[in-house]
Amino acid sequence: MPYRPSLRRTANIWSRKLHRWGAIATLIPLLVVVGTGLLLQVRKQVAWVQPAEERGTGSVPMISFDEVLEAARSAQDARIQSWSDIDRLDIRPGKGLIKVRAKSDWEVQIDAGTGNVLSTKYRRSHIIEAIHEGAYFGEVVRFAVFVPAGVILLGLMITGAYLWVLPLVARRNGRRRRSARARAN
Numbered sequence: 071m072p073y074r075p076s077l078r079r080t081a082n083i084w085s086r087k088l089h090r091w092g093a094i095a096t097l098i099p100l101l102v103v104v105g106t107g108l109l110l111q112v113r114k115q116v117a118w119v120q121p122a123e124e125r126g127t128g129s130v131p132m133i134s135f136d137e138v139l140e141a142a143r144s145a146q147d148a149r150i151q152s153w154s155d156i157d158r159l160d161i162r163p164g165k166g167l168i169k170v171r172a173k174s175d176w177e178v179q180i181d182a183g184t185g186n187v188l189s190t191k192y193r194r195s196h197i198i199e200a201i202h203e204g205a206y207f208g209e210v211v212r213f214a215v216f217v218p219a220g221v222i223l224l225g226l227m228i229t230g231a232y233l234w235v236l237p238l239v240a241r242r243n244g245r246r247r248r249s250a251r252a253r254a255n
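Counting from 71, one number per residue, gives the positions in the sequence shown under this note's numbering.
1. Does the Cβ of Pro-131 have 16 or more other Cβ atoms within 10 Å, making it buried, or fewer, making it exposed?
2. Provide the residue(s) that pair with Ser-189 in DSSP beta bridges, ordered along the chain.
3. What does the alpha-carbon distance come out to for the pair Arg-158 and Val-170?
4. Could you check whether the stretch 220-230 touches the stretch 91-103, counting it as contact only if at least three pairs of C-beta atoms, one from each stretch, sit closer than 8 Å?
5. Tell me which same chain residues have a C-beta within less than 7 Å of the C-beta of Gly-204, skipping the five on either side of it?
6. For Ser-85 and Ala-148, what's the separation of their Cα atoms in angstroms?
7. Assuming Ala-172 and Ile-198 are in contact, meaning their beta carbons sit under 8 Å apart, how far apart are those beta carbons, in whole angstroms?
8. Classify Ala-142 as buried or exposed, calling it buried when 16 or more other Cβ atoms lie within 10 Å of its own Cβ.
9. Secondary structure at Lys-87, three-state DSSP: helix, strand or coil?
10. Quick one: give me the first and last residue of the beta strand (DSSP E) that Arg-158 is part of.
11. Considering only residues of the same chain and omitting the five flanking positions on each side of Gly-256, which have a CB-CB separation below 7 Å?
12. Per the DSSP calculation, Leu-167 is bridged to which residue(s)?
13. Assuming contact is defined by CB atoms lying nearer than 8 Å, are Ala-122 and Thr-190 in contact in what I supplied?
14. Taking buried to mean at least 16 other C-beta atoms within 10 Å of its own C-beta, is Trp-91 buried or exposed?
15. Would Ala-93 pass as a contact of Leu-226 if the rule is Cβ separation under 8 Å?
16. Helix, strand or coil for Ala-172, going by three-state DSSP, please let me know.
17. First and last residue of the alpha helix (DSSP H) that includes Ile-222?
18. Which residue wins for smallest C-alpha separation from Gly-185, given the options Gly-128, Val-239, Ser-195?
19. For the candidate residues Tyr-73, Ala-81, Thr-106, Phe-207, whose alpha-carbon lies nearest to that of Ser-195?
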C-alpha cells in the first residue's frame, strides 16, 4: 500500500508552500506600501513630505476669500490664477493660518490676520498617498496588484500564525504523552 501523508502533514506542507510563494508574490507591492506608509507616518516631522505649518497673527480670520485668492496668486511657484486652480483651503484659526493647496501640489500658507504669504512650498504627501494606495500607477495596477497583495498578506498572516502555533501544540501534546506514560509506569 502506498504511503499517504496525514491530513495534518498535507496542510502543513501546503501552508509552507503558500506562505513562501505568497511572500515572494507580494514583496514589491508591500515594500512600496511599507516605505510610503513610513513616510506618511512622519509627514508632520519631515518638511520634505509636508511643509511645516507657519504661525500667523490673530486667531480669527480677518481676510476675505478674495484676499485669500489674491495672496495665493502672488505666490508664483503655485501657479494659481483662479479658484479652479485650488484643490482645497485649510483654515487653522488657532494658528492664524490659511493653507491653500493648489492642484499643482504646491501649498501656500497665508496669515489669516494680514493676508501676507508666510510660506510657499511643494507638498509631496498627496503623491506619496497615491503611491501608497496604488492609485498613482492607475486603476488597473491598483486593483490587479495592490488589492491582491493585501489579500495575500492576510493569508500570510493566517498561515504564519498556523506555522507558529503548530510546534507549540506539538510540544504541548508531547509533554502530555510523556507525562501520561510516566504515570502509567
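All C-beta atoms in this analysis are idealised placements derived from N, C-alpha and C, irrespective of residue type, glycine included. In this text, all values refer to a predicted model and were calculated from it rather than measured experimentally.
If we stick to the structure as given:
1. buried
2. Gln-179
3. 6 Å
4. Enough Cβ pairs lie closer than 8 Å, so yes.
5. Val-211, Arg-212, Val-215, Phe-216
6. 53 Å
7. Not confirmed; about 17 Å, so no contact.
8. buried
9. helix
10. Here the beta strand (DSSP E) through Arg-158 covers 156-162.
11. Look at the range of the chain in this structure, 71 to 255, and you will see that residue 256 is not part of it.
12. Arg-162, Asp-181
13. no
14. exposed
15. In this structure, Leu-226 lies closer than 8 Å to Ala-93 by Cβ.
16. strand
17. Secondary structure note for Ile-222: its alpha helix (DSSP H) is the uninterrupted segment 217-254.
18. Gly-128
19. Thr-106
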